[in-house]
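Here the structure comes first, spelled out in structure tokens, and everything after it is commentary.
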Amino acid sequence: MVFYFSGTGNTKWAAARLAAATHEDLIPIAPYMRADDSSHNIAEPFILKEDERLGFVFPVHGWRVPRLVREFIRKMKIQRETPDANAEDKETFRKHPFAYCVCTAGDSIGLTIENLNDTIALNASLQALGITEVSASYSLIMPESYVGLPFMDVDSKEREVRKKSKSAQELAVICEEIFDRKEGVNRLVKGPIPWFFTKVVGGFFEKVLITDKRFHVEKDKCVKCGICANVCPVGDIKGGHGEYPEWLHHKDCLTCFTCYHHCPHHAIEFGCQTQKKGQYFYK
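Under the working numbering, think of the first position of the sequence shown as 74, with each following residue one higher.
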């Protein structure tokens, strides 16, 4: 079971590879957190099959687990499939399931894994399964997509290609280790002074920079294609074909810049921070 959240596609690519390698279900997190999606009910427990792995795959936001992912992990209910009474080997039901995480980032991740484990500790159903933290964790450096600060922009095309090539090689190894349930692996790029970036800078990021109030559309560039509304993972944009986009300000926006990056005419801006900056999404 591979739970994932993705905005610009880096994480979806990695999660899909992991699901294929482990032959386990790929489950997007965002639909379960959308109030306008009644087809996904987070109140219903997920059933972990016999010997099934439990994976969390997500991008790093502000050197932390994205707010939406933390909220999902706190609220989710999960239980194990009832073992067959006639099964000869019930040992897998006496041992806690193998839990892991893979996080994608344009650079370093700080204390993201510690932030994840703190969140896991708040979930009673995970605790009941014996999962108090992930057994293995990885960071995967992918092309940069965060453009919300003056000094941050997408990578050059050459750097983007290099990152994709290297990450594909690293992910192949990660898939093998996760398939083999290799515990105790923590292959992470935490960067310098990780506590400062996660605790201090990350706190500022969440309180100040995660907002949809700075997004606006340049109407002279917008062709009313509706792509931005369609790709928003949290449904924060009202609009569609023939309409200008309108941000709903319902506090679910993650400032993932998916709308910005997918706009074919660069008509969406975030304040004045994104003017003349590049665009990127995985393809």
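We put the CB at the ideal spot given by N, CA and C, even for glycine.
query, result
"Please state if the CB of E342 and the CB of E279 are separated by a distance shorter than 8 Å.", "no"
"Please return the same chain residues whose Cβ sits closer than 7 Å to the Cβ of Y44, not counting the five positions on each side in sequence.", "Within the shown structure, residues of the chain are numbered from 74 to 356, placing residue 44 beyond reach of any answer."
"Is the CB-CB distance between G351 and V274 below 8 Å?", "no"
"With DSSP as the reference, please indicate the residues paired to W268 in a beta bridge.", "BP columns for W268 are empty, so no partner."
"Under 8 Å: do the segment 234 to 254 and the segment 284 to 299 share three or more Cβ pairs, one atom per stretch?", "no"
"Assign G221 to one of three DSSP states: helix, strand, or coil.", "coil"
"Helix, strand or coil for Y173? Go by DSSP, reduced to three states.", "strand"
"Please work out which residues of its chain come closer than 6 Å, Cβ to Cβ, to N83, disregarding the five sequence neighbours upstream and downstream, and give them in chain order.", "T177, M215 and Y355"
"Taking just the CA atoms, how far does E117 sit from S181?", "35 Å"
"DSSP state of I341, grouped into three classes?", "strand"
"To the nearest angstrom, how far is it from the Cα of R143 to the Cα of V234?", "31 Å"
"Once you ignore the five residues that flank G344 on each side, which residues in its own chain have a CB closer than 7 Å to its CB?", "R287"
"Short check: CB of R137 to CB of L327, under 8 Å?", "no"
"Determine the contact status of V133 and Y173, defining contact as a CB-CB distance below 8 Å.", "no"
"Tell me, which residues are paired with E319 by DSSP?", "K311"
"Residues bridged to I151 by DSSP?", "F119"
"So if DSSP puts N259 in a beta bridge, which residue, or which two residues, is it bridged to?", "S210"
"For F129, which three-state DSSP category applies?", "strand"
"Mind reading off the beta-carbon distance from H16 to K294? Whole number of angstroms is fine, and I expect it under 8 Å.", "Only positions 74 to 356 of the chain appear in the structure, and residue 16 is not among them; the question remains open."
"Which stretch, first to last residue, makes up the beta strand (DSSP E) that contains V246?", "Segment K230 to F252 is the alpha helix (DSSP H) holding V246; no beta strand (DSSP E) there."
"Put V290 into one of helix, strand or coil per three-state DSSP.", "strand"
"For H323, count neighbouring C-beta atoms within 10 Å of its own C-beta (all shown protein chains included) and say buried if the count is 16 or more, exposed if not.", "exposed"
"Any chance the CB of C336 is under 7 Å from a heavy atom of the ligand FMN?", "For the structure depicted, the ligand FMN is absent and the ligand set is empty, with no information on it obtainable."
"Under DSSP, the alpha helix (DSSP H) around V304 begins and ends at which residues?", "I300 to V304"
"Count Cβ pairs between the segment 96 to 111 and the segment 257 to 264 that sit closer than 8 Å; are there 3 or more?", "no"
"If you follow the beta strand (DSSP E) that Y77 is part of, which residue opens it and which one closes it?", "V75 to Y77"
"Would you mind sorting T95 into buried or exposed? The rule is 16 or more other CB atoms within 10 Å of its CB.", "buried"
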